[in-house]
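What follows is a single structure, written as structure tokens, with notes after it.
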Amino acid sequence: MYGPQTMLVLTFGSGVHGFTLDREHGSFVLTHPDMKVPERTAEFAINMSNMRHWEAPVRRYVEEMLAGKTGPRGRDFNMRWVASMVAEVHRIITRGGIFMYPKDARDPSKAGKLRLMYEGNPMAFIIEQAGGAATNGHQRILDIVPTKLHERVAVFLGSKEEVELVTRYHSEQQ
């Protein structure tokens, strides 16, 4: 992630580690060993402008969070939307939360917007290695067997508790 500092988040299949670029030495330094996605969260990331196109389980889940303390969840949530999956995932690894890019009704032939092989899978792998979860609303993203290179997928990833809840809402609708 680029900004005031450049950070590389990396997994080799056994935990997630963050390395920050030391500009003076021109090398990356381990600054965030064994990063973990917080299990409980009060943040979510979704493009609210598409709400009218979402499936009922996603609308239900988001409406419950928006209801705050007086709603069924009994607590307030904050919405974030950077419109960059990499930035959203970085924030989720450090602060917790859930990133959602659901399927929508505009093109029923597509299972989602993001590409499984080079967007969904890499981020799902990092999130799971950091103790989070990642599904397409029905099954674990890393269990989806791709049928084509540019295959699309819905994505729900982040804090395990939240991903499990929105996935449960999808299964209740079936």
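Here the sequence shown is numbered in the working numbering, starting from 14 and rising by one per residue.
Beta carbons: idealized from backbone N, C-alpha and C, even for Gly.
Exercise. Taking the alpha helix (DSSP H) that residue 99 falls in, what are its first and last residues?
Worked result: Taking the sequence shown and counting its residues from 1, one reaches residue 99 at position 86. According to the DSSP assignment, residue 99 belongs to the alpha helix (DSSP H) that extends over 98 to 108.
For this session: Please report the residue range of the beta strand (DSSP E) in which residue 148 lies.
Result: Position 135 of the sequence shown holds residue 148. Element bounds for residue 148: 146 to 148.
For this session: Can you check DSSP and say which residues form a bridge with residue 58?
Result: Here residue 58 corresponds to residue number 45 of the sequence shown, with the count starting at 1. Looking at the DSSP assignment, residue 58 forms a beta bridge with 93, 112.
Exercise. Where in the segment 20 to 61 do unbroken runs of the beta strand (DSSP E), each at least 3 residues long, occur, reported from the N-terminal end onward?
Worked result: 20 to 24, 29 to 35, 40 to 48, 56 to 58
For this session: Less than 8 Å between the CB atoms is what I'm expecting for residue 162 and residue 134, so what's the real figure, rounded?
Result: The residue given as residue 162 occupies position 149 in the sequence shown. The residue given as residue 134 occupies position 121 in the sequence shown. About 12 Å separates the two Cβ atoms, so there is no contact after all.
Problem set entry | Close-in-space but distant-in-sequence residues of the same chain around residue 71 (CB under 6 Å, 5 per side omitted) | Looking up residue 71 in the sequence shown gives position 58. Closer than 6 Å at Cβ, skipping near neighbours: 115.
Exercise. Do you know how far the Cα of residue 110 is from the Cα of residue 62?
Worked result: The count along the sequence shown starts at 1 and reaches residue 62 at position 49. The count along the sequence shown starts at 1 and reaches residue 110 at position 97. Their backbone Cα atoms lie some 19 Å apart in a straight line.
For this session: Determine the contact status of residue 120 and residue 67, defining contact as a CB-CB distance below 7 Å.
Result: To locate residue 120, count along the sequence shown from 1; it is residue 107. To locate residue 67, count along the sequence shown from 1; it is residue 54. Going by C-beta atoms, residue 120 is not nearer than 7 Å to residue 67.
Problem set entry | Neighbour-count burial assignment, residue 158, 16 or more Cβ in a 10 Å radius | Taking the first residue of the sequence shown as 1, we reach residue 158 at position 145. Flag for residue 158 reads exposed.
Exercise. Are the beta-carbon atoms of residue 144 and residue 50 separated by less than 7 Å?
Worked result: Position 131 of the sequence shown, counted from the first residue, corresponds to residue 144. Position 37 of the sequence shown, counted from the first residue, corresponds to residue 50. Yes. Within cutoff.
Exercise. For the candidate residues 166, 74, 136, 123, whose alpha-carbon lies nearest to that of residue 23?
Worked result: As a first step, residue 23 is located in the sequence shown; it is residue number 10 there, counting from the start. Of the candidates 166, 74, 136, 123, the one whose C-alpha sits nearest the C-alpha of residue 23 is 136.
Exercise. Taking residue 127 as the reference, which of 168, 34, 184, 180 has the closest Cα?
Worked result: Residue numbering aside, residue 127 sits at position 114 when the sequence shown is read from its first letter. Taking only the C-alpha atoms, the option nearest residue 127 is 168.
Problem set entry | Within the segment 125 to 183, ranges of the alpha helix (DSSP H) (whole runs, at least 4 residues) | 134 to 142
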